[in-house]
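Participant: Got a structure for you, questions after.
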Amino acid sequence: MPSLRRPTSASILVSLLFLFLSVFLCPTLADGVTPEEAKQLRDEVREMFYHAFNGYMDHAFPLDELKPQSCGGEDSLGGYALTLIDALDTLALLGDRDRFSASVEWISKNLQFDINKTVSVFETTIRVLGGLLSAHLIASDYATGMRIPTYDNQLLNLAEDLGRRLLPAFDTPSGIPFGSVNLRHGVDEHESKITSTAGGGTLTLEFGVLSRLTNDSIFEQATKNAVRGLWAQRSKLNLVGAHINVFTGEWTQKDAGIGTSIDSFYEYLLKAYLLFGDEEYLYIFQEAYAAAMQYLYNDPWYVEVNMDSAAVVWPLFNSLQAFWPGLQVLAGDIDPAIRTHTAFFSVWKKYGFTPEGFNLATFSVQHGQRSYPLRPELMESTYWLYKATRDPKYLDAGRDMVASLQYSARCACGYCHIADVESHKQEDHMESFFLAETVKYLWLLFDLAVGPDNLVDNGPYKYIFSTEGHLLPATPEISLVQEHCSYFGAYCNTSNIRQDVLDVATNPRDNLYGRVGTALPSNSRYSDSTPVSGFIKGICPGLTHGQKFGISYISPGHRAHEDDSRNQGEQTNGESHSIVILQSQNSDYSPSENKYHEKLVEPHERKQTSDPPQI
Numbered sequence: 103m104p105s106l107r108r109p110t111s112a113s114i115l116v117s118l119l120f121l122f123l124s125v126f127l128c129p130t131l132a133d134g135v136t137p138e139e140a141k142q143l144r145d146e147v148r149e150m151f152y153h154a155f156n157g158y159m160d161h162a163f164p165l166d167e168l169k170p171q172s173c174g175g176e177d178s179l180g181g182y183a184l185t186l187i188d189a190l191d192t193l194a195l196l197g198d199r200d201r202f203s204a205s206v207e208w209i210s211k212n213l214q215f216d217i218n219k220t221v222s223v224f225e226t227t228i229r230v231l232g233g234l235l236s237a238h239l240i241a242s243d244y245a246t247g248m249r250i251p252t253y254d255n256q257l258l259n260l261a262e263d264l265g266r267r268l269l270p271a272f273d274t275p276s277g278i279p280f281g282s283v284n285l286r287h288g289v290d291e292h293e294s295k296i297t298s299t300a301g302g303g304t305l306t307l308e309f310g311v312l313s314r315l316t317n318d319s320i321f322e323q324a325t326k327n328a329v330r331g332l333w334a335q336r337s338k339l340n341l342v343g344a345h346i347n348v349f350t351g352e353w354t355q356k357d358a359g360i361g362t363s364i365d366s367f368y369e370y371l372l373k374a375y376l377l378f379g380d381e382e383y384l385y386i387f388q389e390a391y392a393a394a395m396q397y398l399y400n401d402p403w404y405v406e407v408n409m410d411s412a413a414v415v416w417p418l419f420n421s422l423q424a425f426w427p428g429l430q431v432l433a434g435d436i437d438p439a440i441r442t443h444t445a446f447f448s449v450w451k452k453y454g455f456t457p458e459g460f461n462l463a464t465f466s467v468q469h470g471q472r473s474y475p476l477r478p479e480l481m482e483s484t485y486w487l488y489k490a491t492r493d494p495k496y497l498d499a500g501r502d503m504v505a506s507l508q509y510s511a512r513c514a515c516g517y518c519h520i521a522d523v524e525s526h527k528q529e530d531h532m533e534s535f536f537l538a539e540t541v542k543y544l545w546l547l548f549d550l551a552v553g554p555d556n557l558v559d560n561g562p563y564k565y566i567f568s569t570e571g572h573l574l575p576a577t578p579e580i581s582l583v584q585e586h587c588s589y590f591g592a593y594c595n596t597s598n599i600r601q602d603v604l605d606v607a608t609n610p611r612d613n614l615y616g617r618v619g620t621a622l623p624s625n626s627r628y629s630d631s632t633p634v635s636g637f638i639k640g641i642c643p644g645l646t647h648g649q650k651f652g653i654s655y656i657s658p659g660h661r662a663h664e665d666d667s668r669n670q671g672e673q674t675n676g677e678s679h680s681i682v683i684l685q686s687q688n689s690d691y692s693p694s695e696n697k698y699h700e701k702l703v704e705p706h707e708r709k710q711t712s713d714p715p716q717i
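In the working numbering, the protein residues as written are 103 to 717.
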């Protein structure tokens with residue numbers, strides 16, 4: 103019979119470890135979301151949408167937004183059924199043909215923008231203009247399965263009218279738009295000259311799509327000039343601030359970050375490239391993203407810094423930052439996205455919601471930023487990370503989000519803002535983006551787990567989501583406009599020009615669908631060449647970003663490389679921080695003198711610029 107021995111400290115530790123694994127980890131693994139539960143959660147999210155949508159239609163429509171606690175309504179933007187417009191493509195995504203058709207019909211007959219109201223350019227663009235365009239593209243296309251037989255471009259006509267009423271906001275020396283505009287009278291003479299970076303730089307998708315659908319480039323050019331105007335004022339570190347004077351180009355708030363007042367500026371740089379194939383946006387995104395990861399990233403969190411010195415000014419996580427991991431998925435930078443999402447979700451787990459501000463120094467809710475206004479950003483990133491990794495932990499995260507919303511935010515006629523994430527006190531307001539984004543991303547998450555049968559994941563096109571969650575398809579009409587190398591004033595290597603015109607349908611310049619959701623190119627380089635003026639048809643191999651668009655971004659104090667082929671011994675010193683426009687005499691783009699802080703030079707004065715940073 104063996105003798106009894108007292109357990110050693112090592113054996114005790116092993117036993118305790120086994121007990122910990124058995125008690126804590128095994129239930130977690132066992133409690134993972136099963137396919138059947140994913141289906142139940144998808145259906146539950148669908149019911150959440152209709153609880154809020156029906157509450158709005160029954161108690162608030164046609165006012166802008168629902169007061170879900172008191173079952174009333176309020177006009178918060180322009181008084182034109184904002185929540186209905188914002189929810190249109192979610193109705194289509196859920197396959198609700200009857201409500202989608204009825205909503206489009208009502209809007210077509212009743213909506214008009216000739217009203218004496220001053221509205222936010224940013225909010226009106228992303229919510230109303232984007233909602234109209236997305237619904238138009240669904241209602242007019244047989245391939246979506248939701249085409250309305252009687253539909254005759256009414257939403258597109260409304261979108262064009264709205265777009266033209268927003269254009270006066272762009273009439274500034276910098277090209278950066280005013281923050282507000284009156285839909286009937288234009289910009290008020292007393293309108294503030296200060297706007298946010300996000301407000302001026304998050305308009306390119308909606309206005310770009312509008313230009314392609316109406317064959318009028320004025321919308322797209324106005325928003326591109328706004329992006330150029332913002333980027334021209336970046337610091338030597340390639341950082342942008344939060345607020346800027348649209349007349350002088352001076353920053354009035356120099357805090358650089360990825361959250362409040364800046365967030366979607368980064369988002370639309372990448373998404374404009376993915377949707378339109380415009381490499382100018384990709385080039386700016388590469389530089390801006392590299393700077394953000396160098397100066398703002400404090401693994402796994404992001405801080406706010408002074409745009410000139412990179413000194414930390416705010417060790418703060420704010421809820422708008424939560425979109426960033428999703429954007430990183432689109433950029434192909436998955437590893438930091440996973441770590442950052444884990445950190446952000448830990449805040450949700452701590453409180454049941456993400457507060458508007460969470461102090462990273464004290465790891466507590468920031469004073470005065472205790473609310474959760476039903477924001478969708480964390481759901482958005484959760485969907486994209488699950489789509490990229492198929493890691494079931496993101497389904498678990500989605501389940502926790504649904505539970506929090508159902509238990510603490512659900513109220514009589516919809517879902518309430520959470521005034522305090524610690525007490526879960528409710529506030530009588532429901533933003534339209536709850537129906538446009540929050541429930542949309544949760545529904546897509548669980549539908550993807552079940553086996554997607556929806557317009558986005560199993561439809562005829564690849565879709566880019568606007569910052570309001572609206573569906574913008576990469577159709578040939580939108581994304582193949584410039585697939586033929588047809589440029590006024592393009593710079594091509596004359597020995598390498600193919601004058602034959604290739605059929606876009608069989609010989610695209612690149613794989614349209616492969617461009618969406620893939621890693622960023624790592625081989626963008628500048629090279630000088632002989633300028634060729636005039637209209638060039640065919641494929642121009644070797645055209646660089648600078649040659650295609652005639653634009654070079656010259657950083658202060660950075661000396662251009664020597665041009666060995668024609669300018670031996672000559673160098674150009676780029677000391678100014680402006681955009682240099684390189685323009686052919688036949689170019690159809692003629693910016694006004696001194697506008698957008700651009701310097702005009704003739705083709706023969708062109709020098710080779712530095713390589714863009716690779717990420």
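Even for Gly, the Cβ is constructed at its ideal location relative to N, Cα and C.
Determine the DSSP secondary structure at Arg249, reduced to helix, strand or coil.
Facilitator: Along the sequence shown, one-based indexing puts residue 249 at 147. It is coil, neither helix nor strand.
Participant: Quick check on the DSSP output: the alpha helix (DSSP H) that includes Ser581 runs from which residue to which?
Facilitator: Numbered from 1 along the sequence shown, position 479 holds the residue referred to as residue 581. 578 to 581 is the extent of the alpha helix (DSSP H) around Ser581.
Participant: Label Asn212 either buried or exposed according to how many other C-beta atoms from any shown protein chain fall within 10 Å of its C-beta, with 16 as the threshold for buried.
Facilitator: Numbered from its first residue, the sequence shown carries residue 212 at position 110. Asn212 is exposed by the Cβ-count criterion.
Participant: Residues in its own chain within less than 6 angstroms of Leu234 by CB, not counting five upstream and five downstream?
Facilitator: Residue 234 sits at position 132 when you count from the first residue of the sequence shown. Excluding residues within five positions, the ones whose Cβ falls inside 6 angstroms are Leu257, Leu260, Ala261.
Participant: Helix, strand or coil: which one does DSSP assign to Lys527?
Facilitator: In the sequence shown, the residue the question calls residue 527 occupies position 425. Looking at Lys527 - three-state DSSP - the assignment turns out to be strand.
Participant: Nearer than 8 angstroms: is that true of the beta carbon of Gln471 relative to any heavy atom of the ligand ATP?
Facilitator: With respect to the ligand ATP, the structure shown offers nothing to examine, as it has no ligands at all.
Participant: Return the CA-CA distance between Ser205 and Tyr517, expressed in angstroms with no decimal places.
Facilitator: Here residue 205 corresponds to residue number 103 of the sequence shown, with the count starting at 1. Here residue 517 corresponds to residue number 415 of the sequence shown, with the count starting at 1. Rounded to the nearest angstrom, the two C-alpha atoms are 22 angstroms apart.
Participant: Among Asp357, Tyr474, Met159, which residue has its Cα nearest to the Cα of Leu724?
Facilitator: Since the first and last residues shown for the chain are 103 and 717, residue 724 lies out of range.
Participant: For a test of the three-state rule: what should DSSP assign to Ser319, helix, strand or coil?
Facilitator: The count along the sequence shown starts at 1 and reaches residue 319 at position 217. Three-state DSSP puts Ser319 in coil, outside helix and strand.
Participant: With respect to the alpha helix (DSSP H) encompassing Ala194, which residues constitute its N-terminal and C-terminal limits?
Facilitator: The residue you call residue 194 lines up with position 92 of the sequence shown. Where Ala194 is concerned, the enclosing alpha helix (DSSP H) stretches over 184 to 195.
Participant: Taking 9 angstroms as the cut-off, decide whether the C-beta atoms of Met409 and Leu305 are in contact.
Facilitator: One-based indexing of the sequence shown puts residue 409 at position 307. One-based indexing of the sequence shown puts residue 305 at position 203. No, these two residues do not count as a Cβ contact at 9 angstroms.
Participant: In angstroms, rounded to a whole number, what distance separates the CA positions of Ala132 and Glu139?
Facilitator: For this step, residue 132 is matched to residue 30 along the sequence shown. For this step, residue 139 is matched to residue 37 along the sequence shown. In this prediction, Ala132 scores a pLDDT of 31, lower than 50, which makes its location untrustworthy; no coordinate-derived value is stated.
Participant: Run the CB neighbour count on Asn400, radius 10 Å, all protein chains shown included, and call it buried at 16 or more, exposed below.
Facilitator: Along the sequence shown, read from residue 1 onward, the residue named residue 400 stands at position 298. Here Asn400 is exposed: its Cβ has fewer than 16 other Cβ atoms, across all protein chains shown, within 10 Å.
Participant: May I have the straight-line CA-CA distance separating Arg148 from Leu285, to the nearest angstrom?
Facilitator: Working through the sequence shown from its first residue, we reach residue 148 at position 46. Working through the sequence shown from its first residue, we reach residue 285 at position 183. Going by the C-alpha atoms only, they are around 35 angstroms apart.
Participant: Note down the Cα distance separating Lys564 from Ala237, rounded to an integer number of angstroms.
Facilitator: Mapped onto the sequence shown, residue 564 falls at position 462. Mapped onto the sequence shown, residue 237 falls at position 135. Between Lys564 and Ala237, the C-alpha separation is close to 16 angstroms.
Participant: With Leu235 as the anchor, note down where its beta strand (DSSP E) starts and where it stops.
Facilitator: On the sequence shown, residue 235 is found 133 positions in, with the first residue counted as 1. If you look at Leu235, you'll find it isn't in any beta strand (DSSP E); it sits in the alpha helix (DSSP H) that goes 232 to 241.
Participant: Per DSSP, Val415 is paired with what?
Facilitator: Looking up residue 415 in the sequence shown gives position 313. Answer is none; Val415 lacks a bridge partner.
Participant: Report back the beta-carbon spacing between Gly500 and Phe548 to the nearest angstrom; my notes put them in contact at under 8 angstroms.
Facilitator: Residue mapping note: residue 500 aligns to position 398 of the sequence shown, counting from 1. Residue mapping note: residue 548 aligns to position 446 of the sequence shown, counting from 1. So it is a contact: roughly 7 angstroms between Cβ atoms.
Participant: As an exercise, report each continuous beta strand (DSSP E) stretch of at least 3 residues that is fully enclosed by the stretch 197 to 221, in chain order.
Facilitator: Note on the stretch 197 to 221: there is no whole beta strand (DSSP E) run with a minimum of 3 residues.
Participant: Would you mind sorting Trp450 into buried or exposed? The rule is 16 or more other CB atoms within 10 Å of its CB.
Facilitator: Position 348 of the sequence shown holds residue 450. With 16 or more other Cβ atoms within 10 Å, it is buried.
Participant: So, at 8 angstroms on beta carbons, what are the nonlocal neighbours of Leu537 in its own chain, with the 5 sequence-adjacent residues on each side left out?
Facilitator: Residue mapping note: residue 537 aligns to position 435 of the sequence shown, counting from 1. Closer than 8 angstroms at the Cβ level, and outside the excluded window around Leu537, lie Phe151, Ala154, Phe155, Tyr158, Thr185, Asp188, Ala189, Thr192.
Participant: Could you check where the alpha helix (DSSP H) with Glu533 kicks off and where it finishes?
Facilitator: On the sequence shown, position 431 is the one that residue 533 refers to. Looking at the DSSP string, Glu533 is not in any alpha helix (DSSP H), and its letter there is neither H nor E.
Participant: Measure how close the beta-carbons of Ala551 and Val135 come, nearest whole angstrom, since I'm counting them as under 8 angstroms.
Facilitator: For the purposes of this step, residue 551 is taken as residue 449 along the sequence shown, with counting starting at 1. For the purposes of this step, residue 135 is taken as residue 33 along the sequence shown, with counting starting at 1. Confirmed, about 7 angstroms.
Participant: Do the CB positions of Glu406 and Asp357 come within less than 9 angstroms of each other?
Facilitator: Reading the sequence shown from its first residue, position 304 is the one you call residue 406. Reading the sequence shown from its first residue, position 255 is the one you call residue 357. Contact flag set, yes.
Participant: Using the rule of at least 16 other Cβ atoms within 10 Å of the residue's Cβ for burial, across every protein chain shown, is Phe425 buried or exposed?
Facilitator: Locating residue 425 in the sequence shown gives position 323, counting from the first residue. Phe425 comes out buried.
Participant: Considering Cα atoms alone, identify which of Met503, Glu382, Ala162 is closest to Asn480.
Facilitator: Here residue 480 is taken as the residue at index 378 of the sequence shown, counted from 1. A quick correction: the sequence has Leu, not Asn, at residue 480. Among Met503, Glu382, Ala162, the Cα nearest to that of Leu480 belongs to Met503.
Participant: On the DSSP bridge assignment, give the partners of Ser466 in chain order.
Facilitator: The count along the sequence shown starts at 1 and reaches residue 466 at position 364. For Ser466, which the question treats as bridged, DSSP gives the partners Asn461.
Participant: What are the start and end residues of the beta strand (DSSP E) that includes Tyr565?
Facilitator: Position 463 of the sequence shown, counting from 1, holds the residue named residue 565. Note, Tyr565: beta strand (DSSP E), 565 to 567.
Participant: Taking Leu376 as the reference, give the member of Arg492, Thr227, Thr354, Leu307 with the closest Cα.
Facilitator: As a position in the sequence shown, residue 376 is number 274, starting the count at 1. Checking every option, the nearest Cα to that of Leu376 belongs to Leu307.
Participant: Could you name the residues that DSSP lists as bridge partners for Ser294?
Facilitator: In the sequence shown, the residue the question calls residue 294 occupies position 192. For Ser294, which the question treats as bridged, DSSP gives no partner whatsoever.
Participant: Return the CA-CA distance between His663 and Ser337, expressed in angstroms with no decimal places.
Facilitator: As a working mapping, residue 663 is identified with position 561 in the sequence shown. As a working mapping, residue 337 is identified with position 235 in the sequence shown. For His663, the predicted structure reports a pLDDT of 39, less than 50, and the residue's modelled location is therefore unreliable. A value from the coordinates is still provided. Between His663 and Ser337, the C-alpha separation is close to 22 angstroms.
Participant: Measure from the alpha carbon of Thr569 to the alpha carbon of each residue in Ser294, Ala324, Ser483, then state which is nearest.
Facilitator: As a working note, residue 569 is residue 467 in the sequence shown. Closest option to Thr569, Cα to Cα, is Ser483.
Participant: Using only CA atoms, which one of Trp416, Pro275, His572 lies nearest to Ala463?
Facilitator: Looking up residue 463 in the sequence shown gives position 361. When each option's Cα is compared against that of Ala463, the closest is Trp416.
Participant: Measuring alpha carbon to alpha carbon, tell me which residue in Phe349, Thr227, Pro270 is nearest Ile296.
Facilitator: Numbered from 1 along the sequence shown, position 194 holds the residue referred to as residue 296. Checked all of Phe349, Thr227, Pro270; the closest Cα to Ile296 is Phe349.
Participant: Taking the C-alpha atoms as reference points, what is the distance between Leu179 and Val283?
Facilitator: In the sequence shown, residue 179 corresponds to position 77, counting from 1. In the sequence shown, residue 283 corresponds to position 181, counting from 1. Taking the straight line joining both Cα atoms gives about 12 angstroms.
Participant: I'd like the list of long-range same chain contacts for Ala412, defined as Cβ closer than 7 angstroms, with 5 residues on each side in sequence excluded.
Facilitator: Looking up residue 412 in the sequence shown gives position 310. These residues qualify, in order along the chain: Leu339, Tyr397.
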